[in-house]
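A.B. asks:
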Ligand code: ADP
Ligand code: MG
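See the structure below:
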């Protein structure tokens, strides 16, 4: 089936860049989002403002599109599943269901013999207290967290009674890794034995928010190969179609762990717009729409900086050199800790 109109659920910055990539491939995009101020409405052909349980509006959206994808993983499984009965959804809702929950995600990884940080499911304060072997640890909500949101540092047992937790949510407690470095691998799978895989990207976080991404990552050959191999294994097992990102930790002993998987394009891959002949966004659209797979090659090394909160004001008035590429997500409201844009600098 030829795809000429693509529906994208979610209207954040990833939606902006997906819509841009689709334009290049002459695919029209319609964004569905529950945020009336979605930045992606400035980039897509059409924008539908709707709650994720408004059947009428969702049906209207589905009538107009040939295929559905999404740019964030926190969409209720029931919504995606319902949609998939009417229109094809890629990546498949079942995959998102596993990966949107930190507990099922880690169990899945361990079933592939892929190392994760030690963790345990937490349903009560008592559970927390009895797992002191994982303290100091990070308590994370199983679902809905991003940019460090929904996380509490448990530095000692004493702290447990002082924090406010809502056990209507499930949590995992995860051992804190003595980090040497963080990297990510972006991979696009087109089908069996058909991948385009970008080299590992080195990531620096500040306050649990991604600040800088760069290639090449300064890592050993072993880690370079193993991170790519694990990423392939993950997509194979999921029978994944589209772009996916695997986030890794490397500890002080050079041990590699998978931190988490995003079943979508990823912030650390923004630099691929300028460093490669085909970006992570274009590869995603090519894969899900069944377009030709083009060999993806690096043109140059690059470094991306996330522009957070009111830093954007300076960038909006700045002059850039030929090697600098500024992306403004055109978000209306500036908020602290909010990703407002990014700047990629290429090395020639
Ligand atoms: P999010 O969904 O918010 O991205 P992550 O689990 O990736 O959640 O956590 C965000 C960042 O916090 C990580 O990239 C890392 O820098 C830090 N972090 C998270 N878990 C751990 C851990 N177990 N040990 C050390 N640092 C961690
Ligand atoms: Mg993360």
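Residue numbers (my numbering): 425 to 772. Just so you know, even glycine gets a beta-carbon here, dropped at the ideal spot from N, CA and C. Nothing here was measured: the structure is a model prediction, and the numbers come from that model.
Taking a cut-off of 7 angstroms, which residues have a beta-carbon closer than that to any heavy atom of the ligand MG, in chain order?
C.D. replies: Result: 671, 683 and 684.
A.B. asks: With respect to the alpha helix (DSSP H) encompassing residue 483, which residues constitute its N-terminal and C-terminal limits?
C.D. replies: Taking the chain shown and counting its residues from 1, the one referred to as residue 483 is at position 59. From DSSP, the alpha helix (DSSP H) with residue 483 extends over 479-488.
A.B. asks: Going by beta-carbon coordinates alone, are residue 730 and residue 691 separated by less than 8 angstroms?
C.D. replies: Position 306 of the chain shown holds residue 730. Position 267 of the chain shown holds residue 691. Yes, Cβ-Cβ distance for residue 730 and residue 691 is below 8 angstroms.
A.B. asks: Under the criterion of a Cβ to heavy atom distance below 7 angstroms, does residue 573 qualify as lining the ligand ADP?
C.D. replies: Here residue 573 corresponds to residue number 149 of the chain shown, with the count starting at 1. Within the cutoff, so yes.
A.B. asks: Using CA coordinates, which residue listed in 483, 607, 495 and 538 is at the minimum distance from residue 507?
C.D. replies: Here the question's residue 507 lines up with position 83 in the chain shown. Looking at the Cα atoms, 483 is the closest of the given residues.
A.B. asks: Is residue 562 near the ligand ADP, going by C-beta to nearest heavy atom under 7 angstroms?
C.D. replies: Taking the first residue of the chain shown as 1, we reach residue 562 at position 138. Within the cutoff, so yes.
A.B. asks: Quick one, are the C-beta atoms of residue 572 and residue 633 less than 8 angstroms apart?
C.D. replies: Within the chain shown, numbered from 1, the residue matching residue 572 stands at position 148. Within the chain shown, numbered from 1, the residue matching residue 633 stands at position 209. In contact: residue 572 and residue 633 (Cβ atoms closer than 8 angstroms).
A.B. asks: Tell me which residue opens and which closes the beta strand (DSSP E) that residue 766 is part of.
C.D. replies: Translated into the one-based positions of the chain shown, residue 766 becomes position 342. Note, residue 766: beta strand (DSSP E), 763-771.
A.B. asks: Does the Cβ of residue 497 lie closer than 7 angstroms to at least one heavy atom of the ligand ADP?
C.D. replies: Position 73 of the chain shown, counted from the first residue, corresponds to residue 497. For the ligand ADP, not one heavy atom lies less than 7 angstroms from the Cβ of residue 497.
A.B. asks: Tell me the residue span of the alpha helix (DSSP H) that contains residue 508.
C.D. replies: Along the chain shown, read from residue 1 onward, the residue named residue 508 stands at position 84. Note, residue 508: alpha helix (DSSP H), 501-510.
A.B. asks: Rounded to the nearest angstrom, what separates residue 751 and residue 639 at their Cα positions?
C.D. replies: Counting from 1 along the chain shown, the entry for residue 751 is found at position 327. Counting from 1 along the chain shown, the entry for residue 639 is found at position 215. Cα to Cα, residue 751 sits roughly 19 angstroms from residue 639.
A.B. asks: Mapping DSSP to helix, strand and coil, what is residue 627?
C.D. replies: Residue 627 sits at position 203 when you count from the first residue of the chain shown. If DSSP states are grouped into helix, strand and coil, residue 627 belongs with the strands.
A.B. asks: For residue 563, which of 526, 515, 743 and 630 has the nearest alpha-carbon?
C.D. replies: Start at 1 with the first residue of the chain shown, and residue 563 comes out as number 139. Per the Cα distances, 526.
A.B. asks: Compute the distance between the beta-carbons of residue 682 and residue 438, then report whether it is under 8 angstroms.
C.D. replies: The residue given as residue 682 occupies position 258 in the chain shown. The residue given as residue 438 occupies position 14 in the chain shown. No.
A.B. asks: Compute the minimum distance between the beta carbon of residue 601 and the heavy atoms of the ligand ADP, and state whether it is under 7 angstroms.
C.D. replies: Indexing the chain shown from 1 puts residue 601 at position 177. True, at least one ligand heavy atom lies under 7 angstroms from that Cβ.
A.B. asks: Going by the DSSP bridge assignment, what does residue 637 pair with across the sheet?
C.D. replies: Numbered from 1 along the chain shown, position 213 holds the residue referred to as residue 637. Beta-bridge pairing links residue 637 to 627 and 728.
A.B. asks: Just to confirm, are residue 793 and residue 597 a CB contact at a threshold of 8 angstroms?
C.D. replies: In this structure the chain extends from 425 to 772, so residue 793 is not present and cannot be described.
A.B. asks: Considering only heavy atoms of the ligand ADP, does any lie closer than 7 angstroms to the CB of residue 629?
C.D. replies: On the chain shown, residue 629 is found 205 positions in, with the first residue counted as 1. Yes, the Cβ of residue 629 comes within 7 angstroms of a heavy atom of the ligand ADP.
A.B. asks: Within 10 Å of its beta-carbon, does residue 450 have 16 or more other beta-carbons around it, so buried, or fewer, so exposed?
C.D. replies: Numbered from 1 along the chain shown, position 26 holds the residue referred to as residue 450. With fewer than 16 other Cβ atoms within 10 Å, it is exposed.
A.B. asks: In this structure, does DSSP put residue 473 in helix, strand or coil?
C.D. replies: For the purposes of this step, residue 473 is taken as the residue at position 49 of the chain shown. Here residue 473 sits in strand by DSSP.
A.B. asks: Can you give me the C-alpha to C-alpha distance between residue 713 and residue 622, rounded to a whole angstrom?
C.D. replies: The residue you call residue 713 lines up with position 289 of the chain shown. The residue you call residue 622 lines up with position 198 of the chain shown. If you take the alpha carbons of residue 713 and residue 622, they lie about 20 angstroms apart.
A.B. asks: In this structure, how does DSSP classify residue 653 when only helix, strand and coil are distinguished?
C.D. replies: The residue given as residue 653 occupies position 229 in the chain shown. If DSSP states are grouped into helix, strand and coil, residue 653 belongs with the helices.
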